[in-house]
Each structure stands twice: as C-alpha cells, then as structure tokens.
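Written below as structure tokens is the structure these notes are about.
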Amino acid sequence: MITRILLHSLLPALVLASGCRDGGSGDGGTTEDTGSDEVRQAQRGELQWKRNAALQRDLMRALELPEDGVCNELGRGSCTREIHHIALGAADPLRIGLYEPLPDTLVSTPIVLDRVVMSACVNRANLDQGGAPVVFTDLDFGAQAPAEGDDAFTATVTTLYRRLLSRDPEPHELTTLGGLAVDDAGKPVSAHDFAVLTCFAIGTSSEFLFF
Amino acid sequence: MQAPTVFIVRALSRHLGCLLAFAGVSLATTEAWARPTGPRAFCETYADAPECMGRSITCNKCHLSTQPVAWNAYGGALFAALKGAEFDANVASALRSIEDEDSDGDGLSNREEIALGTDPGDPLSQWMPRPTPEGAENPSFAIGEYDPAFAYKRVRLLFCGASPSYEQTKKFAEQGGGAQLEAIHDALAECLESDFWIDEALASLAHPKIRPVKALGPDTDVLISGYKITLADYQWDYRLWQYLLSGDRDARELLTAQYHINRDDAGNWKKVDGIISNPPMGFGGGQLLAPEHRAGMLTTQWNLLLNIMFAAVPRVAAGHAYREYLGLDLSLNQGIKPVAGEPLDIDAKGVDAAACAQCHSTLDPLSYAFAYYEGIDLKHLNRTGTYRLERPAERIPGWDEAQPEFVVLDTKVDSLVDLAREMSQSREFQRNLANVFFVYAIGHEPVPDELEEFDAVWTAMPADGYSANRLLHRLVDTDAFGIP
Chain D
1 MITRILLHSL LPALVLASGC RDGGSGDGGT TEDTGSDEVR QAQRGELQWK RNAALQRDLM
61 RALELPEDGV CNELGRGSCT REIHHIALGA ADPLRIGLYE PLPDTLVSTP IVLDRVVMSA
121 CVNRANLDQG GAPVVFTDLD FGAQAPAEGD DAFTATVTTL YRRLLSRDPE PHELTTLGGL
181 AVDDAGKPVS AHDFAVLTCF AIGTSSEFLF F
Chain U
1001 MQAPTVFIVR ALSRHLGCLL AFAGVSLATT EAWARPTGPR AFCETYADAP ECMGRSITCN
1061 KCHLSTQPVA WNAYGGALFA ALKGAEFDAN VASALRSIED EDSDGDGLSN REEIALGTDP
1121 GDPLSQWMPR PTPEGAENPS FAIGEYDPAF AYKRVRLLFC GASPSYEQTK KFAEQGGGAQ
1181 LEAIHDALAE CLESDFWIDE ALASLAHPKI RPVKALGPDT DVLISGYKIT LADYQWDYRL
1241 WQYLLSGDRD ARELLTAQYH INRDDAGNWK KVDGIISNPP MGFGGGQLLA PEHRAGMLTT
1301 QWNLLLNIMF AAVPRVAAGH AYREYLGLDL SLNQGIKPVA GEPLDIDAKG VDAAACAQCH
1361 STLDPLSYAF AYYEGIDLKH LNRTGTYRLE RPAERIPGWD EAQPEFVVLD TKVDSLVDLA
1421 REMSQSREFQ RNLANVFFVY AIGHEPVPDE LEEFDAVWTA MPADGYSANR LLHRLVDTDA
1481 FGIP
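Heads up: the protein sequence lines correspond to chains D and U, in order.
One point on numbering: in our numbering, the residue at position 103 of the first sequence is 103, and numbering is uninterrupted.
Plus 1000 on top of the position in the second sequence (first one is 1) and you've got our numbering.
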C-alpha cells in the first residue's frame, strides 16, 4: 500500500516540475498538458540544484528540524554531510581527496534526494504526532486525513507550500494534492501518511530542488 | 570526425602557392615549427580578444599537436601566410592577413571568431546565440530580462545557504523595482558576513588551492610513540583565505601577506605577526618562516610542505601557484610565456628536450624562486616551511654558476616575494579570482555572450580595492546571474 501511495505521490511532483503554476487545466489529478509549452521558456535554462548544504539548511528551516534531525543513515552519520554528500554535490577533500564537487549529478542523486526529503518529512510528522505540533498544526494525527477542500487540508497544504516553496499554492495544486488524502480505493489515508506524502511531494518538486 | 590532415589540406588548398614550400619545410624541420612564442604574439596582436583578457590562448589555437607538430586549419593558414619568413618578426602581419578568411569553413571569418572567443581552426567550436523568447508571459519568471525575484533567491541560497522564507519573499515582492535591487544587495551584504559563506562556502572554494591531506595535518590520527605526525597545519591556509576574501579586504594579500590569521575565543579574526612555533608534540603546525620571506598562501608551511616536498627545483609548487592563483595551467598549455635561453635544465632532469621545453621555458624560471624554501628534509624535519639561502646551492650542483633568473609573466623578479607581488598585481590574478566566484554563482565558466560583462566585473577590481565582496556585488548585477 505504501508503495502505491508513494507512486501516487509522484504525480503532483511531476505536475509541479512542469514549472507552470497557473496554466493547468484545473481538473487536477491528471497528467494533461498544463500549457507550460505555451509560455515563454527561459533563455538560459541554467538552473542550479541545491547541493548538500543548501538542501539540508532549507529542510531545517522549512520543517524546523535540528541539523541531526533531517536525515541520519542507519545511525552512522548525516545523509547530507557524511554519507551521501558526494551524490548531493559536495566535495570531500580530507577523506578522499575530492577537492571540488563533481560537476554533474550521479545516478544515485535522485534516489538520495528522495531519501533525504522523505526522512525529513517523516521525522517532522513523527515529532508533530508525538508532541506539540510545529508544522502540521491543523491535522488530527489520531484521525484520518482531511478531505480535499476541508479547512485542515487547505491549511496543511498551504503551510507546506509557504515553508518549502515560500509561496501560496495555486488552486489546481490544491486539487492535485487532494489525491494524496485517499488511497487507490478512494478511502482516506491516515493523517500521518497524508502529512508525510504531501511534504515529500512538495519537497521533491523541481521548484524546491532547483534555483 | 575528420582527420587532422583534412583541416590542414583544406587550409593549405587556399594557399596553393605556398604548398610546396610548406611541404618542404615541414618535412625538413618539423620540430622547429612548434612556436611557444605564438600565444604571446597572438595576444599582443589581439589584446582585446576575450581569450587574451587576463589570460592567453593555448597552443591549440593553431595546433592539433605540438609534439609531433601538426596544425589545425587556422594554424595551417597562418603558416602559409608566413611564407617561410621568420616567425616572431612576421607573425603579427601574417595574423592580420588571414583575418577575413574563414579557415575552418564554419561561416564566420577568423576575426569574427577571435572577437567571439571561438576557435577559428575548429569548425565545431561555435557559439549559437540564445533564442529570442516567444510565447505567453511566464507567470513564474521574467524571461529575457533581469528577474529580481530570481536573483534574490539565488543570493540567499548561494551566500546565506538557504532560500528566503515566505515572509522574506512576500516582503521582497511588495517592493518596487529599484527597492528590489537594493534589497538584493542588502541581502548579499548580510550573507557575506554569515557563517555559511565564510566558514562553509568560501572555505570550500579553497580546497583545490590548499589540497588538505588529513594524514599529514592537524587532524591526523597517526602517532609514533605518542608523537603526533602533524607535518603542517592547513587551517592556517584556510583562515588566511577566508580572512582576505571577506570584510572588504585586499585580495592581493593572498599572495603578499606576511602575517597569519588566527581566531580568538569569541571567533573573531586575530592577525598574528612574527614566527609561530610548531605546537609541542608535533613536527609541524606552526609558521616558522621569517616574515620578510613570506608570500601569503604560497609560503605557508602547508603549501611548501605539500608542493615542494623533496624537490630541489620546486616545479610543482610553481605550477600549482600559476594554476590556482593565475588560472594558467601549464599542463594544458595555458600561460606559455617562454623565457629566452630557458629551460637551463639546471638539475639535469632532461627538461630541455623539445617536447618538455615548450612548457619548462615558462615553468622553470618560476620554479627557481621557490628553491630557497624547504619542503621536507628528513634529516631536519623542523626545517619544513623555512627559508634557507644556501638551499639551492646545496641541492643543485651548478646553481651558483648558472645564476638562473626568476621570471613571471614576462617580468624579471628578484625573489619569491617579488614574484608573488607581481602575480598579485596581474590581470590574470584578477580574472582568475573573479572566475572562481563566477563559476560558484552561475554554475559554469563565462560563455561568449557573458564575457563582456564578466570582464567588466573583474577589471573593476582595482577601483574596488581588490575586495571580493565588492566583486560579488557586481557579479549579482550581471545578466548571467539574474536572467533566468
């Protein structure tokens, strides 16, 4: 089930990756042409990707996590600083004599990005579920996910957009993310799963990862 | 891919009158036709060419290979235009005479390619202008123009290490155009004082220059009888780099500083004058060099240890300095400025062989100035990073008789201190430093349509007091930084 939900979660990520906020059809939950090819394309198209430090710091800031609360690989060390830092575009002069970051992403980079963002989102959801909530303040973790259109749904998605993307969501984006509140059978998922999946979908969007 | 000879033949076919002469000369004296003075002559002729602004062309401009010698289409055309005349005296007029030709047949004349910064001898070396934006207005970015919101986010991420918050973004968006540009510079000024910039990003830019090795440095866990095998402490190097490239300080002191930098208990910079002893229980870790022989990053104990080691003639140290602080990598044929009579092959390494002399005629006159500085002397480990007037004569038989001259960038100097000062005053130093920041901020080296504004950024360094901060303020104003 969780795999299906994760796959489902990629849908909004792809929509977000189109780079078009308000050109969508508005019917949500589909992969229809959003009209992005009709708007002016960037001349340079030379976006940079958030490398290890920026990724970690942005997740710390957005989700109010401590440095060691973003992602720790099997208790052995920080994903962004010690374990997967090369894949995330860092140098490592002291340990392996890599004085400059690799110029391009590695095959493992997308997987590592998913890993780091998922970890941060799970950690935040767990903290909010177990104590005074900081990010998911509008969710009742003892209940099911709010339905699309509910105040709690809109407030949660809006909070995540503001924290991760520094803007408000467009109406069609709210509609798209509504698909994460239910499973394949149309039944509501738990509030915890909704929190994690929504955070992950927005946190792995190209809008969050590139600048 | 076409065979090299195709280019040569194509070029020469335009100069049939010279073909026989070319064939005869090249068969008779092939090696003599690789000209290490060529790059200098080219940049004297085209001083305003982008490739000559704070750098110089490489041999590849004319050659497919220098050993054995082979020309590309442009080099072949130049050779033909020389008509067998003496090279140095006639190369300028020969270059001018082929300006209107299109040697590589790519549709642009040689002069147009030189002005653009592409290779007139390589048809695959081209620059395609960026397409004019078409379509409906992009709701997310200002396409084709400087986008303040895009630039603001970049500034925050690159120099503060994190994206602007929702509140910061909203406040920024509410401001007018002029106020937004001001806000970008306010944010940059704030970020340039941040721990992220100074301790993380700026330090990371120094890794290739310092090349720390944990096992030899202060973090080593190698112990012998309780004696820590620290041979030198690269943290001195990092601190000097961070100090001089922050706080509006004079970046030239990277090569001229005769002090070192430490931090007090509160983390504030503290300038340290005089000799700094090695810490107890360590072979190195201090700065034993007398201040009058210091040349900033070039003479730290770590740099001398790592790049001189056991060498009598410290060519690695010289090549490293030339590459990292002037952006001229001799191993890539960059910055070839041969000195007449060099290389002397003073240490009998065979560097006067034809294949070696092309670079060593530039490298060796740089290296001699480093010969007074000690890398590793296994009999006297406490000498690492010191100056000894007698060292060259001790290590190089015939040093006194040869009396080699020290030369950098075509200028004769008296010592490494003078050499480093000459480097620090050069356009190559300015351009290289700006290039380090450009690549960090933009993500690639300047391309042809970015060169004009890039050159404007680094040539302003003297007026800006050689401040890295002011350079960065100019950089974020460029189209390369702010146009999506």
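For every residue, glycine included, the Cβ atom is placed at its ideal position computed from N, Cα and C.
For U:R1263, the beta-bridge partners assigned by DSSP are U:W1269. At a cut-off of 8 Å between beta-carbon atoms, U:Y1166 makes contact with chain D.
Going by beta carbons, U:L1419 and U:A1369 fall inside the 8 Å limit.
Here D:A143 carries a coil assignment [DSSP, helix/strand/coil].
Residues of chain D with a Cβ closer than 8 Å to the Cβ of U:G1144 are, in chain order, R40 and Q43.
Per DSSP, the continuous beta strand (DSSP E) segment holding U:K1412 begins and ends at T1411 to V1413. Under the 8 Å Cβ criterion, the region 1270-1283 of chain U does not count as touching the region 1304-1316 of chain U, having fewer than three qualifying pairs.
If you ignore the 5 residues before and after D:V182, its C-beta comes within less than 6 Å of the C-beta of P188, all in its own chain and listed in chain order. Going by C-alpha positions, U:L1381 is about 7 Å away from U:F1283. Excluding the 5 residues flanking it on each side, U:G1117 has same chain C-beta neighbours closer than 8 Å at A1049, P1050, E1051, W1127, P1448 and L1451, in chain order. In this structure, the CA atom of U:I1442 is about 11 Å from the CA atom of U:A1151. Within chain D, not a single residue places a beta-carbon under 8 Å from that of U:P1446; the smallest gap is close to 12 Å. The contact set of U:N1138 on chain D, defined by CB atoms closer than 7 Å, consists of V39 and R40 in chain order. Against chain D, the beta carbon of U:G1135 has neighbours under 9 Å at D37, E38, V39, R40 and Q41, listed in chain order.
The Cβ of D:P93 sits closer than 8 Å to at least one Cβ of chain U. Taking all protein chains in view, the Cβ of U:F1159 is crowded by 16 or more other Cβ atoms within 10 Å, so the residue is classified as buried. Ranked by how close their Cα comes to the Cα of U:S1125, the residues U:G1135, U:G1105 and U:N1138 have U:G1105 in first place. Here D:R44 is not near U:I1184, since their CB atoms are 8 Å or more apart. When rounded, the separation of the alpha-carbon atoms in U:V1413 and D:G75 is 57 Å. Residue environment for U:E1113: buried (at least 16 other C-beta atoms within 10 angstroms of its C-beta). U:G1443 has a beta carbon lying within less than 8 Å of a beta carbon in chain D.
Flagged as an interface residue toward chain U: D:Q48, by a C-beta distance shorter than 8 Å.
Around the beta carbon of U:G1341, a 10 Å sphere encloses fewer than 16 other beta carbons of the protein chains shown; the residue is thus reported as exposed.
When CB distances to chain U are screened at a threshold of 8 Å, the residues of the region 162-188 of chain D falling below it are R162, R163, S166 and R167, in chain order.
Of all residues in the region 136-148 of chain D, none places a beta-carbon less than 8 Å from a beta-carbon of chain U. Neighbourhood of D:E100 in chain U, by CB distance below 7 Å: H1207 and P1208, in chain order. Straight-line measurement puts the Cα of U:P1212 at about 42 Å from the Cα of D:T198.
Against U:P1131, the close residues of chain D are Q41 and Q43, in the order they occur along the chain (beta-carbon pairs closer than 9 Å).
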